[in-house]
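Engineer:
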Amino acid sequence: MDIQGVIHFMQNYTYYIGAFGLIFIGLFIMLVKRNLIKVILGLSILETGVNLFLVSVGYISKGTAPIFSNASIEGKSMVDPVPQALVLTAIVIGVAVLALALSLAVRLYQHYGTLDLRQIREQRW
Amino acid sequence: MQIIAMILSPILALIIGIFFLGLSRKMMARIHWRYGPPWTQPIIDIIRLFSQKSVTHGHLFNLGLILSLAGSIVVILFIPVGRIHPLSDSGGMLVILYMLLLAPLGLALSGGEAANPNTSIGISRQLILALGYEVPLLLILLALMTHYETISIVEIVFRQQYAGWALLSSPLVLSGIGYISIMPAILGIRPFEVVQAPQEISSGPMVEYGGPYLALATIQHALNLFIGIALFVNLFLGGAGNPLFFFIKMLVVFVLGIFINAALPRLRIEQAVQYLWRWPTLLALVGLIVVIVMKSVSAG
Amino acid sequence: MRSIISIFLLVVIAWGMITVLQEIPFGSSETRVGQRYIDQGREETGAANIVTSVVLNYRGFDTLGEITVLFVAAIGLGAVLSTNRKKKKREIESASLVLYTGCRFLFPLILLFGAYIFIHGHLTPGGGFQGGAIVASAFVLVYLGCRGRRISETGSKAVESLGGLIFIGIGLAGLAVGGRYFLSNFLPKGELNTLFSAGVIPILYIAIGFKVGSELAGVIDHLIEDSE
Amino acid sequence: MSLELLLAAAFGGSLLTYLLGKISSGLRDGFAVFVSVILVAMIAGLYGKIGAVTSYYHFMGLELTLRISPLSWFFAMAVSTLGALSVIFSLSYMRDRERTDFYYLMMLLINASMLGIVFSGDLVSFFIFWEMMSWSTFLLISYNRGSALAAGMKYIVFSIIGSMAMLIGMLSLYAVYQTVNIYMLSNLVSSASPGYLLFLLIVFGTAFAIKNAIMPLHTWLPDAYAEAPSPFTAVLSGMLTRMGVYGFLMIMYVIIGSVQTLNMGYGLLKFNYILAWLGAVTIVIPTFIAMLQNDAKKLLAWHGIGQGGYMVLGIAYGTNLGLAGGIFHTLNHAIYIVLLFMSVAAVQYRTGGERDLNSMGGLIKKMPIAFIGALFGISGLIGLPLTNGFVSKWLIYKTLILNGSPFLAFTALIGTWGTILSVYKFLHNLFLGQLPEKYKDIKKSPVNMQIPIVILSLTILLFGILPGLPLKVINSIIASFGFKSLNVTLWGIVSETGSLNTINLFAAILTGCVIIWLILKTGPKSVSASQENTYAAGASIPEGKYHYTVDFYNPFYRMIKPYLKDFMDIFYFKLAGWTQTLCNIVRKTYTGYVGHYVTYIVLFLAVLIFMQLKWSLW
Amino acid sequence: MNDFGLFLNGINPVLFIVVPLGFAFGIPLLGMISKKIVKWVPVFVYSFVLVGALSNIPDVLDKPIIIQIGGFVPPFGINLVAGPVGILFSALIAFAGLMVSIYAVVYIKEGPEVRYHILYLLLLTGAMGVVLTGDIFNLFVFFEILCISSYTLVGYFGNKSGIESAVKYLIQGAIGSSLLLIGIGLLYGLFGTLNMADLARQISSADPVTVFIPMALMITGLGVEAALFPLNAWLPDAHSSAPSSISAILSGIAIEVGLYAVIRILFTIFGISDFIMFFVFLGVLTLLIGEMCAFSQNNIKRMLAYSSIGQIGLMVFAFAIATSHAVAGGLFQMISHTLGKGLLFMAAGYMIIRSGSMKTASFEGMGKRMPLTCVAFTIGAFSIVGLPPFIGFPSKFLIIQSALAKGTVLFTILTGLVLMGTVIEGAYFFRIVQVIYFKKGNGDSERNEAPIAALIPMFLFTAVIIIIGIYPKFVLGILDSAASELLNQIDYIRSVLG
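And the structure:
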């Protein structure tokens, strides 16, 4: 892919870049950070990125929200409702995981007195 | 005819064996510049021993000795003496090989029940020595059997009378020399006298024998002498057409053997085995290889 | 070192993403299924908010799973935090009067607003989850402002359970009496854009709203309890 | 009498025995003996039905069959008879031990699965019974606890390796020919390519070589034999190990067929020639290692390996004489080794489990029947004329010599001489020599131990003097493999290149013995002397150290010991150690640090994507 | 096809999901009435589901049952596909679930019991949803239910190791689900649909290179739960720290379901019909590494957990061969692993309670103290190793047979490697058996058997292991049609979309 292609891509896919930017940032945090809370934050960022990506997939240029708030609205220029529904679900799931992760982190801290994952290695090989 | 041969050949063997026994003592003495006993001394001893009392240590003590002697006798039945070979078609060389085992094993069993330390040591040595000389002996016999393509000793003798002595035939000469070099071990004479070793372990396996037992043991020894030499004569010197020639051949071999070996000191048992597993084995091995090579060359 | 490796790996993945994203042009995605929902959603479900009709009708089963996930999280969180409950009563510093009164004043209003959001889920943006979250935020306010005041655990559990059971009950009713399908919209659809329309959707959203509200409140309750 | 019924009786009997044991031990013992004896009778009754095939079950779309061939009848007879004798022998040996019910269950289960093996008409049944035999054997080897555990482990690891090899072979056959029926395969396989046949021979050969303890896959055997309960060791050594021989016969001569098997490879690198050499090596080295053993059962165990070498040598050599010798030797070996282990077990039973050769002796007067058993056993093991071992060895030697393999013959023969040394030591240190003080009051072995010992001793003589009895059956076996049958008489073999006549030998030896005995009787009657009353050339023998056969053959040991370590065993131990180390290294993948784990996940994804984009693997 | 009620010929499969869910929601209410009832709820629910699943088998063998949720035609609504595969897995989940719930009645004595039973029901519901659904996002949702409830159950005891394992499991699992979700998003972006059949139809005509990326993402995401190497680092920790009843379910159900999702996606959506070399190697690698790690373990539950990795490797190997025999073998191996490993974990659970330690050395002399449990353990071990006449044998038999049926040298070598794994497996299982039976225990040797409620499921597992081991034809029929359902993409599409 030449540089022109990249520029073209950047121009046309800003949302994707944002979404995947978040995804990669989240992954990177999870890869290199050693503090459990930071890792959970990374996870959260990752999930946000994914949600953003899902919404952008369903976007239609100059589309409106898929709500027929009065009878005159035409269905032609509405954005895809499915990804929005999916994101709704994904967000809830994300919240659930996050809550659980944080509660586990609390308990883990009670046991180990630290959140440094390098030191939480009792369970290994 | 068979029955007569069966009775005849052990008696013949006994006579020859005892004669050799006496002869060897006389000759050894002369070589050592002593006068020595008369050559009839073994006969006198045996007769005397039969009239003496002795102790026994149990049934196996008796049975072992009997078995040992019976084994030797059966071997003699298998060996052609001249043309006398009553049992030789009942299994051939392989049976001879196995029957040869009975003699030492019987003595060992008998001695085992006697529970005498000297016996045990003697038996141990005897069995080790047997293992020592069996290695070259087996190679030699295999060379013969491979060369003549038979396991029957009669057939081997017959083939030699047809084609000349094995000792002088080109593929088997090495084996023959090998046999000569282990013959003292087979006969249990110096330098392989470790088993009996009267001065050291009081005659080893024989120590508990007295009276008739000792007599039988002596007979067994005599028969062994006969077997060892007779085998050589049959296998390498072409046997003989009649018992007289056979006896003469044996006598020559025996006398030569005495001369060669009387001068040598006794070896320790490890030395004996080391010797036996070195040069004779090498000779026998080369001999066997030569036989195989010659065969394959002549075949194709 | 680890970051370099990580970056390298992420670059490889990004490369793959770029390849595939070229096939998904932004802003003009193929909306085969979505378009049908937009075209026929009004007739089939009677909801003005197509997202709601997707969430509760076309993909209602997902939503059942979704509330289950939240339920799992709530229960799980309770399980995790309950195992080591060191009841150390700490002195609770009461809030200032202004804060206290303000909270008490705002609490019913927020609840009402939440209820509005989930009841009107089929008409306007929002719905059970959003409404539920707003309801839960009312409780957060109570926890912050009126220290020491707790929601009744039994009560929240009961509401939670009932919400779930109503959802399932309606689904089964659809299977048993309605259109012979699980979660089918068997009630009359009503007129578009009125409150009493869209068949089972408002009922479901109300159930969800209560359930989500009580669950989130319960979660907050657990976390606060544990941190005390 | 159908085969299903037979197997049902065998398996059902074993379970029922276990259940009866929960009620009463007497009932259990009786039933165990009953079952095993009934099996012998049933199998004997099957003699006329050779050739019968029954399909008993469909497993995964495969028809499982049972059938009787001469070979399987022969093995089944041996298995059931020796099994029955061992069970009878066990009655008192196992009395007052813990988990006797379990012991009998396993014993009968093993017996039943061996019958299953030999009667299997297809490879799947064969494999199933084979596996059942393996794991039940494992449980019984481990029975004695302590060092038996290591022995059991060794056994089962080798055993699994073997059965996995067999599984590959079997399923590959199935994949290629869509059948596992042995007879259908034997027709189909003949047209396969030599490479494929060689593959089959190697995988199946590995399995059977492990079971039959061919060098260098033998190392499980000494420990297993030594540590298993002695009556079971008898079964283990007598028949169970020899299922390997059965397997070799099956794969080489039934499935692949003699023509293909014997032409596999070129010149000296023929498959059967290599196998024969492995057999020869297996004869020599273990026999000499046996000399160094001071543990009665281990000594016999090493001989078990060595004798297995004779069988393989005979079978692999691929002549009618060799094959007959190999099969016959399997039977003979079973008889005398069972006898020997029973004698040892009898001694162990009375001495409280002692099996160290250096601390016993002189038991001949105390346990004469056990001694007789041991004597006949070692005679058979050596192959003295008039015992059964002689005939089979004679057959093998003869074919080796006459078919131009003197070196193989040499190894086989020298093995015999090695055997003499060690078995004499065995006999001497147990029964002969001086009786230690602590065994002065030892009792005779119980009757139920004496019965099997006497029966087996007589069988050794019977087959030694009249080898024609079993050789007739063996003749039909080798005929079914497509070999020329032997010219068998009741007392030996008739042949132009050297025949065997055991009845002559018997007569000669008997006559010789009688005559000499008479001569001995003519002399003056001898006086009985006690064992302390010996002539020591004036030296006094120390009281406490009266057992002078510790380290029998000591000078010889010093000579050969450095060369006779079990190098393979050491190697396998090293291998196990390396495996352990490797496992520990691999285990370190799971570091316990989540960051690494996350990296693994991302790495996996990146690799997948990279491979696709770079090399387009899809 | 349209007109279904609660009962078809059998019980409507949607109830397999809904009924447990309803009871799970209702348990808090029940718990207010009586805590005693709660622990019997899963027993009751899964007896019902088991009956339901079995009642559907005859129909399903004929043609798959397609359930539309909400009455919308498949590409537009969510549908359940209860084909042979679905029903097979439902029955398996229900059976294992029932057995383990009976076990748990006595096993779970401490901690928040009510919550345990709720989570247990939800865990299995998630699994059931995954295997029955015909919609890929729905699969994701149920997958999350399965995962999240297992995170919590792993940390159920709240002890140090449990919480640590749960955290690690959660982090890895969450990344996995995020990747899965990205994959689903990409697929939706590419094809505008979420229905599996519809996706499959469109993918078959799409550019393979672009399709590959979402596939890779989904495989990786699901692979975490399916414990493919090297995504399985959570498994030994989680399985060893969880309560034994949960270990049994995680090992017996959760990873199998994960693997099911992987193969469903590979075979049905992406239409892979030829064997997949990458996965063949991956399977062998997973197998060897799992077995090798297990070999040098002295913690019993960790050992069993690593052994599960090995078994998963074997299944992956089987599925990757992708012939109908191989897939049937892989499914069979799943069944045998569920039964065998479930049994092992249950037996080990009580052995651990009695000995007070997870160290294998502490089980010395256990054969005397709890003979029945030990027999169950031994039979489970034998079955896992693949010895006849237990269920592990026919399944391994089928796999090896189909691998060799490929007829290439490479596959023969790979099979050899697989069997080497079996050898290692045999070694460590037999070692344990020895320790149990043939080592004299120190300490009390009084007979102290597991309670009867724990023995009943063990006994039933053992019975099934032996019965299917001897009569594999009980399951072969459904296995064959399940394999053909998995491999026959076109039939699947036709049966769902008409």
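Protein chains in written order, with this note's numbering: chain D, 1 to 125; chain A, 1001 to 1300; chain Z, 2001 to 2228; chain H, 3001 to 3618; chain F, 4001 to 4498. Ideal Cβ positions, reconstructed from N, Cα and C, are used throughout, including at glycine.
1) Near D:Met10, what residues of its chain come up, given a Cβ to Cβ distance below 7 Å and the 5 sequence neighbours on each side ignored?
2) Let me see if you follow: with CB-CB separation under 8 Å, is D:Met30 close to chain H or not?
3) Measuring CB atoms only, is the segment 2135-2154 of chain Z touching the segment 2066-2074 of chain Z, in the sense that at least three cross pairs come out at less than 8 Å?
4) Which class does H:Tyr3266 belong to by DSSP, given the choice of helix, strand or coil?
5) Is there a C-beta anywhere in chain F that falls below 8 Å from the one on Z:Gly2121?
6) Note down, in chain order, every chain H residue with its Cβ under 7 Å from the Cβ of D:Arg118.
7) Could you tell me the alpha carbon to alpha carbon distance between H:Ser3014 and A:Leu1144, rounded to whole angstroms?
8) Looking only at its chain, what residues have a beta carbon closer than 6 Å to the beta carbon of H:Leu3608, apart from the 5 residues adjacent to it on each side?
9) Under 8 Å, do A:Leu1049 and A:Pro1212 count as touching if we go by C-beta distance?
10) Would you please verify whether the beta carbon of Z:Tyr2143 is less than 8 Å from any beta carbon of chain D?
11) Identify which residue in F:Tyr4116, F:Ile4490, F:Asp4062 and F:Leu4015 has its Cα closest to the Cα of F:Ser4090.
12) Does any C-beta atom of chain H lie closer than 8 Å to the C-beta of Z:Leu2009?
13) Return the first residue and the last residue of the beta strand (DSSP E) that H:His3058 is part of.
14) Can you list, in chain order, the residues of the segment 2151-2181 of chain Z whose Cβ is nearer than 7 Å to any Cβ on chain F?
15) Just curious, the alpha helix (DSSP H) that H:Val3035 is in, first and last residue?
16) Does the Cβ-Cβ distance between F:Ser4150 and F:Leu4123 come in under 8 Å?
17) What are the residues of the segment 95-114 of chain D that lie near chain Z, defined by any Cβ-Cβ distance shorter than 8 Å?
18) Would the beta-carbon of H:Arg3145 fall within 8 Å of that of F:Lys4473?
19) Per DSSP, H:Gly3492 forms a beta bridge with which residues?
20) Any Cβ of chain H within less than 8 Å of the Cβ of F:Phe4076?
21) In the DSSP assignment, find the unbroken alpha helix (DSSP H) run with F:Leu4486 in it and report its ends.
22) Are three or more beta carbon pairs between the segment 4334-4351 of chain F and the segment 4403-4410 of chain F nearer than 8 Å?
23) Closer than 7 Å by C-beta to F:Gly4367: which residues in its own chain qualify, once you throw out the five before and the five after it? Chain order, please.
24) Nearest by alpha-carbon distance to Z:Val2072: which of F:Val4280, F:Ile4027, F:Ala4450 and F:Ser4296 is it?
25) Check the C-beta distance from F:Gln4297 over to F:Val4224 and give it rounded, since I have them as a contact under 8 Å.
26) Find out if the Cβ-Cβ distance for the pair Z:Ala2048, D:Ile67 is shorter than 8 Å.
27) Using the Cα positions of F:Pro4020 and F:Leu4050, report the straight-line distance between them to the nearest angstrom.
28) Output, in chain order, the set of chain H residues within a Cβ distance shorter than 8 Å of F:Gln4434.
29) Would you say H:Val3245 and H:Thr3351 are within 8 Å of each other, going by their C-beta atoms?
30) If we call anything under 8 Å between Cβ atoms a contact, is F:Leu4398 one with F:Ala4328?
31) Quick one: any contact between the segment 3439-3456 of chain H and the segment 3476-3494 of chain H, if contact means 3 or more CB pairs under 8 Å?
32) Compare the C-alpha of A:Leu1065 against each of H:Leu3520, H:Lys3614 and H:Gly3592 and name the closest.
33) In chain H, which residues lie less than 8 Å from A:Gln1161 when you measure between Cβ atoms?
34) Going by beta-carbon coordinates alone, are H:Leu3171 and F:Ile4400 separated by less than 8 Å?
35) For Z:Tyr2058, go through chain F and note every residue whose CB falls closer than 8 Å to its CB, in chain order.
Structural biologist: Reading off the structure:
1) For the purposes of this step, residue 10 of chain D is taken as the residue at position 10 of the first sequence. Non-local beta-carbon contacts of D:Met10 in its own chain, meaning distances under 7 Å to residues more than five positions away in sequence, involve Ile17 in chain order.
2) Translated into positions along the first sequence, residue 30 of chain D becomes position 30. It does: the Cβ of D:Met30 has a partner Cβ on chain H nearer than 8 Å.
3) Verdict: no, contact absent.
4) One-based indexing of the fourth sequence puts residue 3266 of chain H at position 266. Three-state result, H:Tyr3266: coil.
5) Position 121 of the third sequence, counting from 1, holds the residue named residue 2121 of chain Z. No, no contact with chain F.
6) Your numbering for residue 118 of chain D matches position 118 in the first sequence. Simply Tyr3593.
7) Start at 1 with the first residue of the fourth sequence, and residue 3014 of chain H comes out as number 14. Start at 1 with the first residue of the second sequence, and residue 1144 of chain A comes out as number 144. When rounded, the distance between both Cα atoms is 55 Å.
8) Within the fourth sequence, numbered from 1, the residue matching residue 3608 of chain H stands at position 608. Excluding residues within five positions, none has a Cβ falling inside 6 Å.
9) Here residue 1049 of chain A is taken as the residue at index 49 of the second sequence, counted from 1. Here residue 1212 of chain A is taken as the residue at index 212 of the second sequence, counted from 1. Cβ distance < 8 Å, so A:Leu1049 and A:Pro1212 count as in contact.
10) For the purposes of this step, residue 2143 of chain Z is identified with residue 143 of the third sequence, where counting begins at 1. Answer no: the Cβ-Cβ gap between Z:Tyr2143 and chain D never drops below 8 Å.
11) Looking up residue 4090 of chain F in the fifth sequence gives position 90. If we check each option's Cα against that of F:Ser4090, F:Leu4015 comes out closest.
12) Residue 2009 of chain Z sits at position 9 when you count from the first residue of the third sequence. Output row for Z:Leu2009: interface = yes.
13) For the purposes of this step, residue 3058 of chain H is taken as the residue at position 58 of the fourth sequence. It spans Val3053 to Phe3059 - the beta strand (DSSP E) in which H:His3058 sits, taken as one unbroken run.
14) So the list reads Thr2154, Lys2157, Ala2158, Glu2160, Ser2161, Gly2164, Leu2165, Ile2168, Gly2171, Leu2172, Leu2175, Ala2176, Gly2179, Arg2180 and Tyr2181, given in the order they occur along the chain.
15) Taking the first residue of the fourth sequence as 1, we reach residue 3035 of chain H at position 35. Where H:Val3035 is concerned, the enclosing alpha helix (DSSP H) stretches over Ser3025 to Gly3045.
16) Position 150 of the fifth sequence, counted from the first residue, corresponds to residue 4150 of chain F. Position 123 of the fifth sequence, counted from the first residue, corresponds to residue 4123 of chain F. Yes, Cβ-Cβ distance for F:Ser4150 and F:Leu4123 is below 8 Å.
17) For chain Z, the residues of the segment 95-114 of chain D that bring a beta carbon within less than 8 Å of one of its beta carbons are Val95, Ala96, Val97, Ala99, Leu100, Leu102, Ser103, Leu104, Val106, Arg107 and Gln110, in chain order.
18) Residue mapping note: residue 3145 of chain H aligns to position 145 of the fourth sequence, counting from 1. Residue mapping note: residue 4473 of chain F aligns to position 473 of the fifth sequence, counting from 1. Contact flag unset, no.
19) Taking the fourth sequence and counting its residues from 1, the one referred to as residue 3492 of chain H is at position 492. Residue pairing from DSSP places H:Gly3492 in a beta bridge opposite H:Thr3489 and H:Asn3501.
20) In the fifth sequence, the residue the question calls residue 4076 of chain F occupies position 76. Look at F:Phe4076: its C-beta is not under 8 Å from any C-beta on chain H.
21) Indexing the fifth sequence from 1 puts residue 4486 of chain F at position 486. First-last of the alpha helix (DSSP H) with F:Leu4486: Lys4473 to Leu4487.
22) Cβ pair count under 8 Å is below three, so no.
23) As a position in the fifth sequence, residue 4367 of chain F is number 367, starting the count at 1. Within the same chain, F:Gly4367 has close Cβ partners Cys4374, Ile4436 and Tyr4437.
24) Counting from one through the third sequence, the residue named residue 2072 of chain Z turns up at place 72. Per the C-alpha coordinates, the member of F:Val4280, F:Ile4027, F:Ala4450 and F:Ser4296 positioned closest to Z:Val2072 is F:Ile4027.
25) Locating residue 4297 of chain F in the fifth sequence gives position 297, counting from the first residue. Locating residue 4224 of chain F in the fifth sequence gives position 224, counting from the first residue. Not a contact, Cβ separation roughly 22 Å.
26) To locate residue 2048 of chain Z, count along the third sequence from 1; it is residue 48. To locate residue 67 of chain D, count along the first sequence from 1; it is residue 67. For Z:Ala2048 and D:Ile67, yes; Cβs fall inside 8 Å.
27) Here residue 4020 of chain F corresponds to residue number 20 of the fifth sequence, with the count starting at 1. Here residue 4050 of chain F corresponds to residue number 50 of the fifth sequence, with the count starting at 1. In a straight line, the C-alpha of F:Pro4020 is about 12 Å away from that of F:Leu4050.
28) Against the fifth sequence, residue 4434 of chain F aligns to sequence position 434. Near F:Gln4434 (Cβ distances below 8 Å), the residues of chain H are Ser3142, Leu3149, Gly3152 and Met3153.
29) Residue 3245 of chain H sits at position 245 when you count from the first residue of the fourth sequence. Residue 3351 of chain H sits at position 351 when you count from the first residue of the fourth sequence. No.
30) Against the fifth sequence, residue 4398 of chain F aligns to sequence position 398. Against the fifth sequence, residue 4328 of chain F aligns to sequence position 328. Remark: C-beta atoms of F:Leu4398 and F:Ala4328 approach each other more closely than 8 Å.
31) In this structure the segment 3439-3456 of chain H does not lie against the segment 3476-3494 of chain H, because fewer than three pairs of beta carbons, one per stretch, are closer than 8 Å.
32) Position 65 of the second sequence, counted from the first residue, corresponds to residue 1065 of chain A. Closest by alpha carbon: H:Leu3520.
33) Locating residue 1161 of chain A in the second sequence gives position 161, counting from the first residue. A:Gln1161 does not reach chain H, its nearest Cβ partner there being about 19 Å away, counting only Cβ pairs nearer than 8 Å.
34) Counted from its first residue, the fourth sequence places residue 3171 of chain H at position 171. Counted from its first residue, the fifth sequence places residue 4400 of chain F at position 400. A contact, by the Cβ cut-off of 8 Å.
35) As a working mapping, residue 2058 of chain Z is identified with position 58 in the third sequence. Contact annotation for Z:Tyr2058 against chain F: Gly4070, Phe4072, Phe4076, Gly4077 and Ile4078 [CB-CB distance below 8 Å, chain order].
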